[in-house]
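Visitor: Taking the UniProt record's numbering, the leading residue of the sequence shown gets 1, the next gets one more, and so forth. Cβ coordinates follow ideal geometry from the N, Cα and C atoms, glycine included.
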Amino acid sequence: MTQSVFIQVGQCGNQIGHRFWDLALTEHKIALKNGVSDSSTSSFFLNRTDDNSGFQSGLKARALLVDMEEGVVNEILKGPLKNLYDTSYLITDVSGSGNNWAVGNLYYGRVHQDALCEALRKSAELCDCLQCFFILHSMGGGTGSGVGTHILKILADDYPNVYKMDVAVFPSVDDDVVTSPYNTVLALNQSLNSQTVCCPLIILLSAYNR
1 MTQSVFIQVG QCGNQIGHRF WDLALTEHKI ALKNGVSDSS TSSFFLNRTD
51 DNSGFQSGLK ARALLVDMEE GVVNEILKGP LKNLYDTSYL ITDVSGSGNN
101 WAVGNLYYGR VHQDALCEAL RKSAELCDCL QCFFILHSMG GGTGSGVGTH
151 ILKILADDYP NVYKMDVAVF PSVDDDVVTS PYNTVLALNQ SLNSQTVCCP
201 LIILLSAYNR
């Protein structure tokens, strides 16, 4: 059975990733209730055991939570799925990237380079057969575009034979962040150079205003 590792970057990436895990866990519970073999258990989840007692402590998401602000990640860790995440795979900062690709990519990417590489290595080692990395992030925000594409470069260098699915949320024309078009262009250029499969999600703000 193959496994996938999810990398949730920035506010957008973490919110989408959190919703995914909520749905995946619901499907898993339904499958168990109906007596159906659920292959997603090992593909998406890791069964952690307590090092002292040897008893299972429950399912853990194969996920890294990355954000240069703590707000969204802290909110997730206070929610009903808080025990689903392994807190040793959280990489956060406090000041944020200021909606600036360069700050996220060139500053925070380098500051947290070692922590990112180590977290990715540990996540990969916990897989029997690592098939794919999913990178969930926005293209318009500073952390999503900057740190997100920095992670894509790390994956291209360190895991050249593993699939990378770049789940990128593109800003709409109504986005009120003035730097988002510039962030998108810079992030898209680096994403294309990282040999990834891109799955763009175009968010239309007008849909929320109806």
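Is it the case that the Cβ atoms of H137 and V9 are separated by a distance below 7 angstroms?
Guide: Taking 7 angstroms as the Cβ cut-off, H137 and V9 qualify as a contacting pair.
Visitor: Look up Y163 in the DSSP assignment and give the residues it is bridged to.
Guide: DSSP, once it has assigned bridges, lists C132 as partnering Y163.
Visitor: If contacts are defined as beta-carbon pairs under 8 angstroms, then K29 and L46 qualify, I think. What distance do you get, rounded to the angstrom?
Guide: With 8 angstroms as the limit, K29 and L46 do not qualify as a contact, their Cβ atoms being about 17 angstroms apart.
Visitor: Can you give me the Cβ contacts of E69 inside the same chain, cut-off strictly under 6 angstroms, excluding the 5 residues immediately before and after it?
Guide: Around E69: G96.
Visitor: By how many angstroms is the C-alpha of K78 removed from the C-alpha of G142?
Guide: Approximately 25 angstroms between the Cα atoms of the pair.
Visitor: Using only the alpha-carbon positions, how far apart do S4 and F133 sit?
Guide: If you take the alpha carbons of S4 and F133, they lie about 6 angstroms apart.
Visitor: If we count the other Cβ atoms within 10 Å of its Cβ and call it buried at 16 or more, is R62 buried or exposed?
Guide: Buried is the call here.
Visitor: Determine the direct distance from the alpha carbon of K122 to that of N100, and round the result to whole angstroms.
Guide: Cα to Cα, N100 sits roughly 29 angstroms from K122.
Visitor: Would you mind giving the Cβ-Cβ distance between L115 and I91, rounded to the nearest angstrom? I have them listed as a contact below 8 angstroms.
Guide: Note that residue 115 corresponds to Ala in the displayed sequence, not to Leu. Right, the Cβ-Cβ distance comes to about 5 angstroms (below 8 angstroms), so this counts as a contact.
Visitor: Where does P80 land, buried or exposed, given buried means 16+ other C-beta within 10 angstroms?
Guide: Burial call: exposed.
Visitor: Any idea which residues DSSP pairs Q113 with across the strands?
Guide: The partner list for Q113 (beta bridge, DSSP) is empty, contrary to what the question assumes.
Visitor: Is K153 near S194, with beta carbons less than 7 angstroms apart?
Guide: Contact: yes.
Visitor: So, under 8 angstroms CB-CB, I135 and D158 are touching, yes? Tell me the CB distance rounded to an integer number of Å.
Guide: About 14 angstroms; that fails the 8 angstroms criterion.
Visitor: Using beta-carbon positions only, say whether G140 and V173 come within less than 7 angstroms of one another.
Guide: Going by C-beta atoms, G140 is not nearer than 7 angstroms to V173.
Visitor: Decide if C129 is buried, meaning its Cβ has at least 16 other Cβ atoms within 10 Å, or exposed.
Guide: By the 10 Å Cβ count, C129 comes out exposed.
Visitor: What does DSSP give as the partner residue(s) for T92 in the beta ladder?
Guide: DSSP lists D67 as partners of T92.
Visitor: Measure from the alpha carbon of S180 to the alpha carbon of each residue in G71, L23, A102, then state which is nearest.
Guide: Checked all of G71, L23, A102; the closest Cα to S180 is A102.
Visitor: What is the DSSP secondary structure of K122, counted as helix, strand or coil?
Guide: Looking at K122 - three-state DSSP - the assignment turns out to be helix.
Visitor: Just the C-alpha distance for G58 and N161, rounded to the nearest angstrom, thanks.
Guide: Between G58 and N161, the C-alpha separation is close to 31 angstroms.
Visitor: Let me know if V94 comes out buried or exposed under the rule of 16 or more other beta-carbons within 10 Å of its beta-carbon.
Guide: Exposed is the call here.
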